[in-house]
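Peer 1: Protein chains in written order, with our numbering: chain A, 155 to 552; chain B, 155 to 552.
Let me begin by handing over the structure; questions about it come next.
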């Protein structure tokens, strides 16, 4: 029952200092953070409340519910209790002696109606978008954060091992998802995958077997799968796993809030040659991209390296989805949310920096037939890259 | 692999007609629906796209990805493909010969930045909030929808039976959650619980055993539990289930998009008298509320009936949470999302109407000791209520 996991004060101080630099650069006087993951990132607690971060000076954590737990979890020094959000402006004015002029909010996630409410609480303030500053700050992972992600990677690696040992014909995709998730929960998987965008689906049961892998759908991903119904038309469905077919498992794992996102190809018995060739090609592409990772490289270069790798191997057609539905990225940042900045997209000109941490996921879709993919999490180091993922990068024929 | 589940055309037509009435009453010329569940409700497909609903005339479904699946799933007659949201205004103008003046958006879920984007696409339109009209339309369930919810209720009932047969000491809360969810997925549970509000947590593993049930936390619920870490500090945690302690399991189930939300008290071996008395009292309160359900009753009356029931039995103190943290509701609408309108709250003056469908969940929290609760889903009929839930309303000593 003890909370052994806690974000250290040094981490919190460093994050606050970095966002304060960004606030000053942007001419913003303060941020009011309330989205749960952002709040956890900057304060160490995800309780119901607000973190007010001035461009200069100490932050103030205002907790609606539940103060004792927030105090235990958070390294923020100034923590007070409020009964209603309506108290926020008054309590800030009391603590700092004044209110900020330009106040940032999380415009990328905060709904229009909710923002109107907060704007009404701060009628004299210029309420602006603070989300870009937050996302940029979260983009660079610290040594401590990478250690946490390695813990998640160990759990994920054990789940993949379990999958290798238990996969067998006859299970439906969803049934098998439930089986390995039961094991996953037992060893620490927290179940709920955090995604920032309200329309993005995040879940650990993205199992696309055989023809399911050939199904294009709503996801901004090369293949969506069958899903369980028109209401949730993505990921695992009612199709049974069969011997001798390619099975793509894209597993999202979360432990203490830190995510892993890894994809491997499986087959029971044997994998048909065409699928095996494609699966090996995608591993080569995955590895070629990693070989080119180092600080200073424009992110879009990685996209083009992967593209060239697919073309030279004759896979231009299925690569990143069928011709009319190709996605424009090969991976994404990852951390306290499954998908973070930057995106490894065709148009991203940002340069790689040490500490940026990505899920790299080149994939191919052979429409109405199957998918092939490989995905690992890596971080950018001073000289190149380091894999955080611990799952062997190979095709698993079980 | 066949999609046997489909929302019938008659349902879609009826929903469109009802929202069109509301649009006309509100003087709104059209709605642009894009949130996934709303889109599914009004079109039958949850693919990536937009449903344009004029106040009068046929709706138009614009699909980004993936058109063939949207066509299979949707009973909407006019379906076209678009490559980018930027095409939406032009395609609407082409189809209808003009653009609406007042256009409604889902302001309760659409982030500020996303709304700014759509507003830029419709510079001449008056963009307004359409979410209230949507939520009110969804509030009343049809005969067909209730049949779907009964299917979910059957699955949920089997999961509760499985829980009764498999619960035992030594499992951690989260481990046991994984075990029963594996069974649940096998018989149709779709895994992902839909909640509308971006800060609300929805998941099927709300298992609060013994002291976990006494833990107040961030949830707008009497108890939050321990959770797996500060990053997800609600629901099941690492505490092991023990004999002779009260265990509250609040199970959310979803099948074909339709949710159930049901709570029962369990004990392994025996339940301590104080917890058993409280558990039976909460069942009596639950039943008393049901006895008062009929069309025309103001919703807040149900809240007060429950309150009086708790007081007369001497439970004023733990009822709905410890004194300083009491919640102000005893249940909520339920359907394609776990929490829908109306809320069974102290201040809700709306009158009960046939077809309104609720999860009724009176609970008590004995701080730092345990929770007691009972929860069932019912619908309002012409003369009273009908339980949709099929789980026996009793305490399960296993």
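We put the CB at the ideal spot given by N, CA and C, even for glycine.
Closest Cβ-Cβ distance between residue 333/A and chain B: below 8 Å?
Peer 2: Closer than 8 Å to some Cβ of chain B, the Cβ of residue 333/A qualifies, so yes.
Peer 1: Sort 211/B, 426/B, 406/B, 549/B by Cα distance to residue 489/B and report the nearest one.
Peer 2: Checked all of 211/B, 426/B, 406/B, 549/B; the closest Cα to residue 489/B is 406/B.
Peer 1: Would you mind giving the Cβ-Cβ distance between residue 426/A and residue 400/A, rounded to the nearest angstrom? I have them listed as a contact below 8 Å.
Peer 2: Sure, about 7 Å apart at Cβ, within 8 Å.
Peer 1: With distances taken from CA atoms, which of 313/A, 188/A, 301/A, 223/A is nearest residue 284/A?
Peer 2: Among 313/A, 188/A, 301/A, 223/A, the Cα nearest to that of residue 284/A is on 188/A.
Peer 1: Using Cβ-Cβ distances below 7 Å, what residues of the segment 191 to 215 of chain A are close to chain B?
Peer 2: Within the segment 191 to 215 of chain A, the residues whose Cβ lies closer than 7 Å to some Cβ of chain B are 194, 198, 199, 200, 201, 202, listed in chain order.
Peer 1: Which word fits residue 169/A, buried or exposed, when buried means at least 16 other C-beta atoms lie within 10 angstroms of its C-beta?
Peer 2: That one is buried.
Peer 1: Going residue by residue through the segment 415 to 475 of chain A, where are the continuous alpha helix (DSSP H) segments of at least 4 residues, counting only ones entirely within it?
Peer 2: Taking only runs of at least 4 residues, the alpha helix (DSSP H) segments lying wholly in the segment 415 to 475 of chain A are 427 to 445, 453 to 466.
Peer 1: Along the chain, where does the beta strand (DSSP E) that runs through residue 202/A open and close?
Peer 2: That run of the beta strand (DSSP E) goes 202 to 208.
Peer 1: Can you tell me whether residue 283/B sits near the ligand SAM, meaning its C-beta is under 7 Å from at least one heavy atom of the ligand?
Peer 2: What this structure holds is no ligand at all, so the ligand SAM is not there to describe.
Peer 1: Please determine, among 384/B, 192/B, 209/B, the residue with the shortest C-alpha to C-alpha distance to residue 202/B.
Peer 2: The shortest C-alpha separation from residue 202/B is found at 192/B.
Peer 1: Scan the segment 164 to 204 of chain A and note each continuous beta strand (DSSP E) run of 3 residues or more that stays entirely inside, going in chain order.
Peer 2: The qualifying runs are 184 to 187.
Peer 1: Determine, for residue 387/A, whether the minimum Cβ-Cβ distance to residues of chain B falls below 8 Å.
Peer 2: Closer than 8 Å: yes.
Peer 1: Taking buried to mean at least 16 other C-beta atoms within 10 Å of its own C-beta, is residue 271/A buried or exposed?
Peer 2: Per the 10 Å Cβ criterion, exposed.
Peer 1: Run through DSSP, which three-state label would residue 395/A get?
Peer 2: In this structure, residue 395/A counts as coil in the three-state DSSP scheme.
Peer 1: Using the C-alpha atoms, what's the distance from residue 412/A back to residue 306/A?
Peer 2: Taking the straight line joining both Cα atoms gives about 7 Å.
Peer 1: Could you check which residue in 492/A, 508/A, 480/A has the C-alpha nearest to that of residue 499/A?
Peer 2: Residue 499/A has its Cα closest to that of 480/A, out of 492/A, 508/A, 480/A.
Peer 1: Looking at the unbroken beta strand (DSSP E) that takes in residue 219/A, where does it start and where does it end?
Peer 2: Start and end: 214 to 219.
Peer 1: Under a three-way DSSP split, which group does residue 293/B fall into?
Peer 2: Correct three-state label for residue 293/B: helix.
Peer 1: Would you list the one or two residues that DSSP bridges to residue 233/B?
Peer 2: Looking at the DSSP assignment, residue 233/B forms a beta bridge with 215/B.
Peer 1: So who's on the other strand from residue 511/A, going by DSSP bridges?
Peer 2: According to DSSP, residue 511/A bridges with 533/A.
Peer 1: Can you look up residue 143/A in the DSSP assignment and give me helix, strand or coil?
Peer 2: With chain A represented from 155 up to 552, any question about residue 143/A goes unanswered, as that position is not in the structure.
Peer 1: Would residue 346/A be called buried (16 or more neighbouring beta carbons within 10 Å of its own) or exposed?
Peer 2: Counting Cβ neighbours within 10 Å, residue 346/A comes out buried, since at least 16 surround it.
Peer 1: Bridge partners of residue 401/B, per DSSP?
Peer 2: Looking at the DSSP assignment, residue 401/B forms a beta bridge with 363/B, 420/B.
Peer 1: Just to make sure I have the definition right: I need the residues of chain A whose C-beta is within less than 8 Å of the C-beta of residue 175/B. Which are they?
Peer 2: Per Cβ cutoff of 8 Å: no residues; residue 175/B is ~23 Å from chain A at best.
Peer 1: Using only the alpha-carbon positions, how far apart do residue 448/B and residue 228/A sit?
Peer 2: Cα to Cα, residue 448/B sits roughly 47 Å from residue 228/A.
Peer 1: Does any residue of chain B have a CB that is nearer than 8 Å to the CB of residue 219/A?
Peer 2: Residue 219/A counts as touching chain B.
Peer 1: Would residue 550/B pass as a contact of residue 531/B if the rule is Cβ separation under 8 Å?
Peer 2: Result no, Cβ atoms of residue 550/B and residue 531/B do not sit closer than 8 Å.
Peer 1: Please specify which runs of the beta strand (DSSP E), each continuous and at least 3 residues long, are wholly inside the segment 275 to 329 of chain B, giving them in chain order.
Peer 2: The qualifying runs are 280 to 283.
Peer 1: Using 8 Å as the threshold, is the C-beta distance between residue 242/B and residue 236/B below it?
Peer 2: Yes. Within cutoff.
Peer 1: Any idea if residue 403/B is buried or exposed, counting beta-carbon neighbours within 10 angstroms, 16 or more meaning buried?
Peer 2: Buried is the call here.
Peer 1: Could you check which residue in 414/A, 424/A, 360/A has the C-alpha nearest to that of residue 344/A?
Peer 2: Ranking the options by Cα distance to residue 344/A, first place goes to 414/A.
Peer 1: Would you call residue 382/B buried or exposed, if buried means 16 or more other Cβ atoms sit within 10 Å of its Cβ?
Peer 2: Under this definition residue 382/B is a buried residue.
Peer 1: Report the neighbours of residue 353/B on chain A: residues whose CB is nearer than 7 Å to its CB, in chain order.
Peer 2: Neighbours of residue 353/B on chain A, chain order: 190.
Peer 1: Quick one, which of 394/B, 496/B, 377/B has its alpha-carbon nearest residue 219/A's?
Peer 2: Considering only alpha carbons, the answer is 377/B.
Peer 1: Name, going along the chain, the residues of the segment 247 to 262 of chain A whose beta-carbon falls closer than 7 Å to a beta-carbon of chain B.
Peer 2: So the list reads 261, 262, given in the order they occur along the chain.
Peer 1: Can you tell me where the alpha helix (DSSP H) holding residue 249/B begins and where it ends?
Peer 2: Segment 242 to 250, the alpha helix (DSSP H) holding residue 249/B.
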